[in-house]
Structure formats: C-alpha cells, structure tokens
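J.: Protein sequences, first through last, are from chains A and B.
Residue 296 in full-length UniProt numbering sits at position 296 of the first sequence, and the numbers go up by one each step.
Residue 78 in full-length UniProt numbering sits at position 78 of the second sequence, and the numbers go up by one each step.
Before I ask anything, here is the structure I am working with.
There are 2 protein chains.
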Amino acid sequence: MAMRKVAESAIRTLGSRSCQSRQLHATPGSKKIVGVFYKAREHAEKNPNFVGCVERGLGIREWLESQGHKYIVTDDKEGPNCELEKHISDMHVLITTPFHPAYVTEERIKKAKNLELLLTAGIGSDHIDLNAAANAGLTVAEVTGSNVVSVAEDELMRVLILVRNFLPGYHQVINGEWDVAAIAHRAYDLEGKTVGTVGAGRIGKRLLQRLKPFNCNLLYHDRLQMEPELEKQIGAKFEEDLDAMLPKCDVIVINTPLTEKTRGLFDKERIAKCKKGAVIVNNARGAIMDTQAVADACSSGHIAGYSGDVWYPQPAPKDHPWRYMPNQAMTPHISGTTIDAQLRYAAGVKDMLDRYFKGEDFPSQNYIVKEGKLASQYL
Amino acid sequence: MAMRKVAESAIRTLGSRSCQSRQLHATPGSKKIVGVFYKAREHAEKNPNFVGCVERGLGIREWLESQGHKYIVTDDKEGPNCELEKHISDMHVLITTPFHPAYVTEERIKKAKNLELLLTAGIGSDHIDLNAAANAGLTVAEVTGSNVVSVAEDELMRVLILVRNFLPGYHQVINGEWDVAAIAHRAYDLEGKTVGTVGAGRIGKRLLQRLKPFNCNLLYHDRLQMEPELEKQIGAKFEEDLDAMLPKCDVIVINTPLTEKTRGLFDKERIAKCKKGAVIVNNARGAIMDTQAVADACSSGHIAGYSGDVWYPQPAPKDHPWRYMPNQAMTPHISGTTIDAQLRYAAGVKDMLDRYFKGEDFPSQNYIVKEGKLASQYL
C-alpha cells in the first residue's frame with residue numbers, strides 16, 4: 001500500500017526529527033474524507049459543470065459513498081468552532097483549494113490523529129504548513145497541471161488590461177462619460193515591450209508561448225535555464241539575476257510558488273529596482289509581495305499598474321489596500337477555477353483518491369510532500 | 001501632380017454622373033489644412049508622445065507652417081456653428097480620425113469648394129460619405145496598417161475578459177466583496193473553444209496569429225479564402241457562409257469594415273443564429289450591429305457578453321443602451337489610438353502630406369477613394 005509505504009518511509013527519513021508516528025488505515029471502506037470548498041449558493045444551479053463548490057463537492061460524493069467512505073463538505077474553515085474543526089480529529093483525507101484556502105497549520109496537523117493525505121484541488125499548497133506535514137509523515141499532493149493553462153491565459157489578459165489601460169475606459173462607459181484622451185495618454189501596445197517572468201515553470205512557460213506572436217522582448221528568471229532547444233522555441237532569454245532583469249522590464253509577471261525564499265520577495269527595495277512605469281501581474285501568491293510596498297508604488301506612479309487574483313489572506317478583508325490603490329485590476333482568486341479547470345482538478349482528485357484506496361502511487365509530479373520529503377522547489 | 005491626375009481621372013470616370021469639377025490648388029505653400037482630433041486638456045502634458053490630440057495636432061504644425069501652409073486644429077465638429085464649419089469652404093485638406101469622427105456628409109463636401117484631400121489618421125473612413133467624395137473627385141486615404149496590431153491586441157484582450165468573466169471579479173474587489181462562485185459559474189478557459197472572425201483582413205489575420213498558441217478551433221469568414229500556405233500557417237478554417245459559421249462559435253469577433261453591405265449585418269435574426277452563450281467582440285464599427293438587438297440579446301442571456309470600443313454615433317450618448325446592458329465590457333473608441341498607434345498614424349499622415357505637396361502617389365494600400373473609384377471592399 002503506497003500510503004503506508006509513504007508514511008513508513010517518512011518515519012524512517014525523519015527518524016531523527018521530532019515526528020509523530022502514525023498507523024495508516026488502509027482498510028477499504030473506512031475513510032473519512034473532508035473537502036473544503038467555496039459555496040456557490042444560487043449560482044450552483046446555473047451550470048451543471050460547476051463542480052468545484054460546496055454544493056457539488058467535486059462531483060465525487062456518490063462515487064465515494066458507494067464504496068462506503070464518508071464525505072463531509074464545508075466552506076466553514078476558520079476559528080475554533082468551525083465545521084472543519086469538528087472533523088479534524090478523525091478525518092483521513094482533507095481536500096482543500098487555493099481559492100478558499102483552509103489554512104492547515106502545525107496545530108491542526110497535530111490534532112489530526114487519523115490524517116494521512118492532504119489533497120489540493122488545484123495548484124499551490126502553501127496554505128498547508130508543509131514542514132509540519134512532512135514531520136507528521138503525511139502525504140501532500142496537488143493536481144499538477146490542472147489549471148496551468150487557465151492561469152497563463154488569465155495572466156496574459158491582465159498584462160493586456162494594464163498595458164492597454166482598459167479599466168479607465170470601462171469606468172467612463174458605466175459612468176456615462178466619453179473622454180478618449182484620459183485613457184489614451186497612458187495606453188500602449190504590448191508589441192515591442194519587454195516582458196519578464198519571474199519563474200518559468202509550467203505556468204510561466206505557457207505564458208511565454210502565448211506571448212510569442214505579440215512580438216515582445218521576452219525574458220525569464222528561474223533557478224534553472226531551459227534546454228537550449230526549448231528556450232529557442234519559446235523565444236525567451238534567460239536572466240540569471242532577478243535584480244538585473246527587473247530594470248529592463250515594461251511588464252513583470254510573477255510565476256513562482258510561495259516558499260520561504262519567495263515570501264516577501266517583492267519588498268520596497270526590489271520594487272524600487274523596477275523600471276518607472278512598469279506594470280506587474282501576479283497570479284502566483286499574494287504573500288510574494290509586500291502588500292503596502294505595492295500599494296505605495298501604485299500610489300506614487302512608480303508602478304503604473306498592478307493586477308492579480310491572489311491576496312493574503314484570502315478572502316481579502318474589506319480594508320485590504322490593494323482594493324483601493326490606483327491603477328489596480330484585481331479580482332478575487334479566480335484564474336485557476338474556471339469551469340474547465342474545475343472539471344480537470346475534480347478528475348485529478350478523484351484519480352488520486354482512487355489510487356490511494358488501491359494503494360497505488362500518484363503521478364510523480366503531483367507530490368508536494370512524499371515520504372517525508374518536500375518537493376525540490378519547497379526546499 | 002498626382003492629386004490633379006486623381007481629380008481629372010475621377011471626373012472622366014464619373015463623366016456621366018452628376019459630379020462637380022474642381023480645380024486643384026497645387027501651388028506650394030498655399031494649402032489650408034484642417035485637423036479634427038480629440039482634446040487632451042490636462043492629459044496632454046503627461047506624455048510627450050501623446051501626439052494624436054488637438055493640443056499636439058499630430059506634431060506636424062511646425063513642419064507645415066515652415067513650408068507656408070496654414071494648419072487649423074479643433075475638436076469642435078458638430079452643428080452649423082462649430083469651428084470645423086468655419087473652415088469648410090476654403091480648406092484644401094481635412095484630417096480626421098475614427099476616435100472623434102468629424103462626419104463628412106455630402107452637404108459638407110458640396111460646401112468644400114477647395115477640398116482636395118481627406119486623410120484619416122488611423123483606419124476606417126466610414127465617417128466620410130465615400131460616394132459623395134468620389135463623385136466630387138476627392139481623394140480619401142487612411143494610414144493603412146498604422147494600428148492593426150493595436151486593434152488585434154485589444155480584441156484578444158476583450159475575448160479573454162469576456163470568456164474568463166473578468167469584470168464581475170473586479171467589481172467585487174472595488175465593492176469590498178469576495179464571492180468566487182459568483183464569478184466562477186460562468187468563467188471559462190479560452191483553450192478548446194471555437195473562435196470565428198467575421199473578416200480576416202489585416203486586423204483579423206493578426207488576431208488569428210495571436211490566438212494560435214491558445215489551442216482554439218479557429219474559423220474565419222471573408223469574401224476570399226486565404227492562400228493555402230497562409231491559411232495553414234495561421235491555422236484557421238475558411239467558412240464561406242457566415243450564417244453557417246455563427247452557430248459553431250463560442251466567440252465571434254467582428255473584423256469587417258463598415259460598408260453598405262455590413263451596416264446592420266448583426267440584426268436580431270443574425271444574432272439569433274449565434275450559439276446560446278456565445279460572446280461577441282466588435283472593435284470594427286458600432287453600426288455593423290443593430291444596437292437594440294445587441295442589448296436585448298445580452299439581457300436575455302442569448303449572448304453571454306459583448307465587448308468593443310466602437311459605437312454609433314461617437315461619442316456615445318449618455319443613454320446609449322450598451323452602457324447599461326448586462327455583461328458588457330465596453331470602452332470609448334480607444335483600441336487604435338494607443339501611444340504607439342498615434343506615433344505611427346502621425347508619421348503616416350505626415351508622409352502622405354509630403355507626397356501630396358510633392359505631387360507623388362501615396363502607398364497604394366492607403367487609398368479608399370482614388371481617381372473617383374472606391375476601394376474594392378467599399379464597392
């Protein structure tokens with residue numbers, strides 16, 4: 001049974017660390033699975049493929065219950081009396097999403113005596129304390145690839161919205177106005193501009209591929225340079241030094257996971273290194289940015305625009321400064337939860353649960369914590 | 001002198017029609033040139049490259065006046081007492097734009113006894129009565145190509161804004177809300193969808209090229225099929241029959257000039273032929289659509305979204321129904337007047353004026369009316 005192997009191996013690996021040994025419950029038909037999703041309410045009925053909400057619970061209830069498993073679904077994830085807390089002590093599997101993240105803290109992991117598996121419906125498991133999960137011998141896995149296209153498309157949309165200065169025009173329309181000059185004086189074509197991505201993994205590469213016909217100057221910063229053939233095909237130039245790349249860019253797109261190395265990466269000093277008038281798109285994670293530094297740079301005009309769908313925390317509070325700063329084109333966390341993405345990550349979660357019940361390994365790229373070891377990008 | 005030849009030829013061509021013969025004024029240093037642009041006011045000083053406004057007048061005043069020409073620039077274009085009317089009787093050249101169109105009616109053309117040349121700073125000369133201009137032996141020319149990239153980029157932005165359901169999320173942010181489900185139930189990836197362009201000329205082709213890496217099913221309707229090699233490279237399938245293409249499309253983009261054949265092309269009946277839930281992007285001309293039919297289709301949900309920057313008339317009145325219909329992502333007419341586009345069409349107008357003064361022909365693709373004949377797409 002793969003899960004048992006995972007845990008046993010984790011225990012071996014972490015033998016010298018303060019780690020809790022657990023007995024895996026591999027008996028078929030005995031699992032308690034908890035899913036935390038956002039509520040759809042009246043919107044659930046509007047689309048039969050809207051599977052990523054509480055009301056549909058990824059569409060796997062019948063399949064799970066027909067095998068004798070118990071399936072609890074909720075959106076109530078915060079505070080000591082929330083629905084999630086009631087199930088922490090005896091759940092075996094917790095399914096969460098980045099869109100309505102249940103923060104899986106060390107404290108919650110310690111309480112979860114039966115927990116074996118943490119599945120992220122989507123990509124990005126930074127709402128989980130991964131070190132604590134590794135220390136506890138848990139397995140953490142995502143549906144890698146399930147929404148990379150969704151996010152890359154969304155990033156290109158945001159780049160165009162900022163560079164072309166879309167929103168002031170839209171505001172004029174709904175306010176009964178017409179003033180082309182007030183838009184045009186800061187509206188540009190994307191063609192010919194320099195676009196740099198910070199991170200060129202699955203999403204960053206797809207963004208670069210979609211940018212290619214726009215005839216931009218494409219740059220990328222990453223830990224590793226691409227293979228020469230792929231680099232040539234994508235048409236982007238490697239920049240080993242982030243701080244050397246930033247001053248060259250008219251457009252900066254953040255495509256790096258949130259790790260201890262990237263938390264607060266874009267602080268006041270780093271934003272100051274960007275070219276005056278550059279725009280920033282960030283669909284990666286809000287905590288990669290210093291919140292106030294972004295707001296200040298938008299207010300001063302050093303950054304000409306900021307767009308993204310990620311915040312910290314989520315949901316963003318009503319007084320989050322990014323709601324009110326000038327030249328923002330923000331949304332709630334939405335890019336990776338299109339209907340197409342939901343269908344893919346629901347299928348991916350079902351596949352991993354099926355493999356878990358059968359004692360099979362997951363697709364290797366899905367593991368974030370496996371056998372007590374963090375995936376390389378989190379080290 | 002090319003202009004004289006144009007007029008003489010026009011007179012010959014139109015010999016049997018009721019047409020006004022004119023004596024061209026080819027003497028150097030004697031031209032009165034009128035330009036009608038939008039006003040920039042306080043925005044003029046914000047960007048030295050903002051040349052397309054009244055305040056900068058395409059940046060050609062010094063050049064014109066140093067050669068002894070007179071250059072009048074205004075934004076006042078409507079009604080019998082407007083600034084434009086004061087100059088109609090003795091101007092030789094009128095420069096207009098699609099963004100703040102001076103409507104050049106048959107009546108105005110009849111009053112313009114000295115008029116020889118109508119230049120459009122941008123693309124699209126449908127604000128000019130082209131038959132009247134031809135009958136009067138005038139030459140009408142645009143800066144063909146000056147903003148085709150600008151418009152194609154903008155169209156792709158609008159496709160993504162509608163398909164991905166961007167605006168409801170943005171509204172939540174500025175209203176202090178957070179409700180992912182209210183966005184996600186109608187947010188999709190562009191990947192895998194069928195996109196059809198009505199017209200695949202300079203702009204339509206550039207849109208298709210930019211869509212290629214999005215892995216869509218690309219269709220185009222046009223008068224002529226592309227050369228097989230170009231079609232293969234672009235990766236789009238020819239649809240001879242517009243009404244056969246429309247029901248296949250998740251996304252419809254209008255890329256045809258406004259002519260007598262395309263005026264009102266998308267009326268109630270044709271919109272009814274579109275797939276339920278399709279979205280429409282129209283940066284071509286507002287009058288290609290039946291205004292109320294579009295508003296009704298958005299209200300009923302038959303059309304899931306409509307975005308464009310063209311209206312009829314322009315500026316759009318405060319009570320234009322497209323300002324208030326659901327799921328619209330409209331702006332004032334802006335896509336072709338980015339700073340990059342302004343620099344290109346200002347240079348193109350200057351080049352044509354220079355050729356006009358020297359008696360040289362224009363680049364052939366720029367002519368809309370030449371030697372009394374309309375360009376083929378207007379016939």
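Heads up, the beta-carbon is just placed ideally off N, CA and C, and yes, glycines get one too.
Looking at the structure shown, is B/T120 part of a helix, part of a strand, or coil, going by DSSP?
T.: As a working note, residue 120 of chain B is residue 120 in the second sequence. Three-state result, B/T120: strand.
J.: Where are the alpha helix (DSSP H) runs, 4 residues long or more, that stay fully inside the region 206-293 of chain B, in chain order?
T.: Entirely contained in the region 206-293 of chain B, the alpha helix (DSSP H) runs reaching 4 residues are, in chain order, 228-234, 242-245, 268-272.
J.: Of all the CB atoms in chain A, is at least one closer than 8 Å to the CB of B/F266?
T.: For this step, residue 266 of chain B is matched to residue 266 along the second sequence. Judged by the 8 Å Cβ criterion, B/F266 is not in contact with chain A.
J.: Measure the CB-CB distance between B/R210 and B/A152 and report whether it falls below 8 Å.
T.: Locating residue 210 of chain B in the second sequence gives position 210, where the first residue counts as 1. Locating residue 152 of chain B in the second sequence gives position 152, where the first residue counts as 1. A contact, by the Cβ cut-off of 8 Å.
J.: Going by DSSP in three states, A/Q23 sits in which element: helix, strand or coil?
T.: Translated into the one-based positions of the first sequence, residue 23 of chain A becomes position 23. At A/Q23 the pLDDT is 33, less than 50, meaning the model places this residue with poor confidence and gives no usable figure here.
J.: Is A/K70 closer than 8 Å to A/K32 when the C-beta atoms are compared?
T.: Locating residue 32 of chain A in the first sequence gives position 32, where the first residue counts as 1. Locating residue 70 of chain A in the first sequence gives position 70, where the first residue counts as 1. Cβ distance < 8 Å, so A/K32 and A/K70 count as in contact.
J.: Restricting to Cα atoms, I'd like to know which of A/F357, A/K358, A/G348 is closest to A/Y367.
T.: Numbered from 1 along the first sequence, position 367 holds the residue referred to as residue 367 of chain A. Nearest option by C-alpha distance: A/G348.
J.: Looking at C-alpha atoms only, which residue of B/Q377, B/H92, B/N131 is the closest neighbour of B/P257?
T.: Counting from one through the second sequence, the residue named residue 257 of chain B turns up at place 257. The shortest Cα separation from B/P257 among B/Q377, B/H92, B/N131 belongs to B/Q377.
J.: If the cut is a Cβ gap below 7 Å, which residues of chain B does A/S150 touch?
T.: For the purposes of this step, residue 150 of chain A is taken as the residue at position 150 of the first sequence. The contacting residues are D189.
J.: At a cut of 8 Å, does the region 243-258 of chain A reach the region 230-240 of chain B through at least three beta carbon pairs?
T.: These segments do not touch.
J.: Look at B/M91 and B/A121 and say whether their C-beta atoms are less than 8 Å apart.
T.: As a first step, residue 91 of chain B is located in the second sequence; it is residue number 91 there, counting from the start. As a first step, residue 121 of chain B is located in the second sequence; it is residue number 121 there, counting from the start. The answer is no: Cβ separation not under 8 Å.
J.: According to the Cβ coordinates, are residue 389 of chain B and B/L343 closer than 8 Å?
T.: Because chain B in this structure spans residues 1 to 379, residue 389 of chain B falls outside the shown range and cannot be described.
J.: Which residues, in chain order, does the region 120-131 of chain A contribute to contact with chain C at a C-beta distance below 8 Å?
T.: Among the protein chains in the structure shown, which are A and B, there is no chain C.
J.: Determine the burial state of A/K205: buried for a count of at least 16 other Cβ atoms within 10 Å of its Cβ, exposed for fewer.
T.: As a working note, residue 205 of chain A is residue 205 in the first sequence. Under this definition A/K205 is a buried residue.
J.: Using a C-beta to C-beta distance shorter than 9 Å, which residues of chain A count as neighbours of B/I312?
T.: Against the second sequence, residue 312 of chain B aligns to sequence position 312. Here the sequence assigns Tyr to residue 312 of chain B, which means Ile is not the residue at that position. Here the premise fails: no neighbours, minimum Cβ distance about 13 Å.
J.: Got a sec, what are the start and stop residues for the beta strand (DSSP E) A/V149 sits in?
T.: Your numbering for residue 149 of chain A matches position 149 in the first sequence. That residue, A/V149, is in no beta strand (DSSP E); its alpha helix (DSSP H) goes 148-163.
J.: For residue 443 of chain A, write down the residues that DSSP places opposite it in a beta bridge.
T.: Examination of residue 443 of chain A is not possible in this model, given that chain A is present from 1 through 379 alone.
J.: Check whether chain A comes within 8 Å of B/P48, counting only Cβ atoms and requiring the distance to be less than that.
T.: Looking up residue 48 of chain B in the second sequence gives position 48. Taking Cβ atoms only, chain A never reaches closer than 8 Å to B/P48, which makes this a no.
J.: Would you mind telling me which residues of chain B sit closer than 9 Å to A/K205, beta carbon to beta carbon, in chain order?
T.: Numbered from 1 along the first sequence, position 205 holds the residue referred to as residue 205 of chain A. Neighbours of A/K205 on chain B: none; closest Cβ ~11 Å, over 9 Å.
J.: Quick check on A/G192: does DSSP put it in helix, strand or coil?
T.: Within the first sequence, residue 192 of chain A is the residue found at index 192, counting from 1. Coil at A/G192, not helix or strand.
J.: Could you tell me the alpha carbon to alpha carbon distance between B/N165 and A/H171, rounded to whole angstroms?
T.: Mapped onto the second sequence, residue 165 of chain B falls at position 165. Mapped onto the first sequence, residue 171 of chain A falls at position 171. Each residue's Cα considered, the two are about 17 Å apart.
J.: Name the chain A residues whose beta carbon is nearer than 7 Å to that of B/Y367?
T.: To locate residue 367 of chain B, count along the second sequence from 1; it is residue 367. The premise fails here: B/Y367 is roughly 25 Å from chain A at the closest Cβ pair, so nothing lies under 7 Å.
J.: Residues of the region 198-223 of chain B in Cβ contact with chain A at a cutoff of 7 Å, in chain order, please.
T.: So the list reads Q209, R210, K212, P213, F214, given in the order they occur along the chain.
J.: Determine the closest residue to A/L218 out of A/E229, A/R41, A/K46, A/G192, with distance taken between C-alpha atoms.
T.: On the first sequence, residue 218 of chain A is found 218 positions in, with the first residue counted as 1. When only C-alpha atoms are compared, the closest one is A/G192.
J.: Of the residues A/R323, A/E371, A/Q328, which one's Cα is nearest the Cα of A/A304?
T.: Locating residue 304 of chain A in the first sequence gives position 304, counting from the first residue. The shortest C-alpha separation from A/A304 is found at A/Q328.
J.: The region 290-311 of chain A: which residues have C-beta closer than 8 Å to a C-beta of chain B, in chain order?
T.: Taking 8 Å as the Cβ-Cβ cut-off against chain B, the residues of the region 290-311 of chain A that qualify are D309.
J.: Closer than 8 Å, CB to CB, is A/G142 near chain B or not?
T.: The residue labelled residue 142 of chain A in the question sits at position 142 within the first sequence. It is worth fixing the name first, because residue 142 of chain A is Glu in this sequence and not Gly. Not an interface residue.
J.: Roughly how many angstroms separate the alpha carbons of B/G137 and B/E371, rounded to a whole number?
T.: Here residue 137 of chain B is taken as the residue at index 137 of the second sequence, counted from 1. Here residue 371 of chain B is taken as the residue at index 371 of the second sequence, counted from 1. Computed Cα separation, rounded: 7 Å.
J.: Within the same chain, show all residues whose beta-carbon is closer than 8 Å to that of A/D179, passing over the 5 residues directly before and after it, in chain order.
T.: For this step, residue 179 of chain A is matched to residue 179 along the first sequence. Here the set comprises Q172.
J.: Who does B/A141 pair with in a DSSP beta bridge?
T.: Indexing the second sequence from 1 puts residue 141 of chain B at position 141. Answer is B/L119, B/Y367.
J.: Using the rule of at least 16 other Cβ atoms within 10 Å of the residue's Cβ for burial, across every protein chain shown, is A/L230 buried or exposed?
T.: In the first sequence, counting from the first residue as 1, residue 230 of chain A sits at position 230. Looking at its Cβ environment, which holds fewer than 16 other Cβ atoms inside 10 Å, A/L230 is exposed.
J.: Which residues bound the alpha helix (DSSP H) around B/I174?
T.: In the second sequence, residue 174 of chain B corresponds to position 174, counting from 1. Per DSSP, B/I174 belongs to the alpha helix (DSSP H) from 166-174.
J.: Does A/P315 have its Cβ less than 8 Å from a Cβ in chain B?
T.: Mapped onto the first sequence, residue 315 of chain A falls at position 315. By this cut-off, A/P315 is an interface position.
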